[in-house]
Every structure is written in C-alpha cells, then in structure tokens.
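Asks: One structure follows; several queries about it will come next.
Residue numbers (my numbering): 709 to 1007.
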C-alpha cells in the first residue's frame, strides 16, 4: 500500500517505520481516516507494532546523546562578570543529564536560559533558536558561556535536533519563510498560526526520532491543555530515542516520569524531586488555598 500524498508520496507505508512521528501525525488528522480508511487502518497496525518495538528499545537502552556538562573553572579569569557571576554558573559542577528528559527550573533571572543557550551553542545550534542549519542573527546577545563548558557525549549521534526559545520564536518563524522550508514545518506559515499553534506545528512536523531537543520555556505560548499535548509528544519522541533538555515554569511540563530535575539555587544546580520544586509547591499552594492566597496578595 502506497502513500498518495505528503513527503512520502508514492512510497510504501514501510517508509514510516523510520518516521513514526509523521505516522502519528497522520493518525491524528480527522480527515485522514474518513478519506483513506484502508490506509488509516494499515498505518494504525504499523504504528502499534513499530511504536511498541521502538519504545522497548529506546526506554530500555537509556543511551544518552549528551551525558553531562560542567564548567572549565580553570579558564575563568573572574567570577565577578556576567555570566560567571551567576550563582548557577559560578558553582557549576559536573551535571549529569537524563537519557530521556532533563529539566532545569528556577526563578526568572536565575540563569536557566543562559545555561540552555550555552548548551545549545556547543551542539551547533543557532543562539536565537532553530536547527544546526540556521545561521541568522537578529541581535547578538548570547553570552560566552559556551566557550567555557565541558561536554561529555556518547557515541550516539543525534540524527536531528532543534533549539526552541519562546522569546525568539518570531525570528525563527521568519527565518523559516526566508529559507523557504515551510513544508518541513507543516506547510502553513508559522506566522499565520497563533503563537501556541505555531509551537505545536513546529514540534509535530519538525521534531523526529533520535533527536536532541533543547527547549527554553516552551509553555510560554501554550494553554494547559496544549501543554499536556506537548507532554504526550515528548513521550512519543523519547520512545523513538530522542533526548530533551528543558527549562520550564510549568508543573504540567515538569511532570514527565523518570526524568531528572535540577533547580537553581544560590549554590548552583541541585537535583530535586517533582514535589520538592518551588514551581510545584507554589502552584499547588495557590490552587489549594486560592482565596487565602489572593487575600494575602491583594491586601
């Protein structure tokens, strides 16, 4: 059975074994099952069979793309200047990365974005976001931290990847139009979608198996329901061998099981459980004691 449209037009459905993310996207389209019922059923069977096998292999192997990172303290001339004056940088020791999902959480201004940006640059990503093929610059503002990071890697190489920054998503969407590569992102110009739908379209269409994805506060444009959709998408990609490093304020996105969570403090990065993080504690307290909290805040 051959695919009658899309990027694999004219090819047999076995091609989807190496692109289960696309197969999943097809199955999520309401029109697809109605217009191509037999093809839909065949892809469902393929997805169930291959997806289960990939999940077993990926979740069982637990093989990182990136193992850890730390600061080359001996190279730093002064810890009084930015970014080395940030506690998270000044006290940065060897930090192990989860083979599936690693979170870095903390208050605004604590250095989350600075650390993620530096990690992304060491892996060849554009400082403002995008893939390793993006080289645009809107306003040079990244720090020199990437020059001082020591990265430990395995022999496993990322087959794809993306650095997603909420604050510069507009610039990335513009660059996609400039490069005329919109088909790889769903076909609809991201500027014609809402901010949140643009995020989802990018992740659904551009993210794939065995990828390295660094996400800086992806919840910024997403409703709680959409954040849950992203959590599901992350899980599908993890089952296909992908690794994520995420900074977030969202207790929903932070909930991925068997992940590693680091919270930024004045003494650097500290590994925490989900319930120990300030993000979860404050959110839970507000929801459980809303009237009391509002009275305190507005008094």
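All C-beta atoms, glycine included, are put in the ideal place defined by N, C-alpha and C.
Pull the bridge partners of residue 951 from the DSSP assignment, please.
Replies: In the DSSP output, where bridge partners are listed per residue, residue 951 has 920.
Asks: Return the CA-CA distance between residue 763 and residue 943, expressed in angstroms with no decimal places.
Replies: Caution is warranted here: a pLDDT of 46 is assigned to residue 763, below 50, making its placement in the model unreliable, and the coordinate value is therefore given only provisionally. Rounded to whole angstroms, residue 763 to residue 943 spans 9 Å at the Cα level.
Asks: Tell me, please, which residues DSSP counts as bridged to residue 871.
Replies: BP columns for residue 871 point to 838, 922.
Asks: Going by DSSP, which residues form a beta bridge with residue 776?
Replies: Beta-bridge pairing links residue 776 to 804, 860.
Asks: Counting along the chain, where does the beta strand (DSSP E) carrying residue 650 start and finish?
Replies: Not covered by the structure: residue 650. The range shown for the chain is 709 to 1007.
Asks: Are the CB atoms of residue 751 and residue 735 within a distance shorter than 8 Å?
Replies: In this structure, residue 751 lies closer than 8 Å to residue 735 by Cβ.
Asks: Buried or exposed for residue 923, going by 16 or more other Cβ atoms inside 10 Å?
Replies: Buried: at least 16 other Cβ atoms inside 10 Å.
Asks: Exposed or buried, which one is residue 926 when buried takes at least 16 other CB atoms within 10 Å?
Replies: Counting Cβ neighbours within 10 Å, residue 926 comes out buried, since at least 16 surround it.
Asks: Spatial neighbours of residue 830 within its chain, please: CB distance less than 6 Å, with the 5 preceding and 5 following residues excluded, ordered by chain position.
Replies: Taken in chain order, the residues that qualify are 854, 857, 859.
Asks: So, at 8 Å on beta carbons, what are the nonlocal neighbours of residue 1002 in its own chain, with the 5 sequence-adjacent residues on each side left out?
Replies: Correct list: empty, nothing qualifies.
Asks: Taking the alpha-carbon positions, what's the residue 861 to residue 744 distance?
Replies: So the alpha carbons of these two residues sit roughly 44 Å apart.
Asks: How many Å lie between residue 813 and residue 962 at the Cα?
Replies: Near 9 Å, if we compare the C-alpha coordinates of residue 962 and residue 813.
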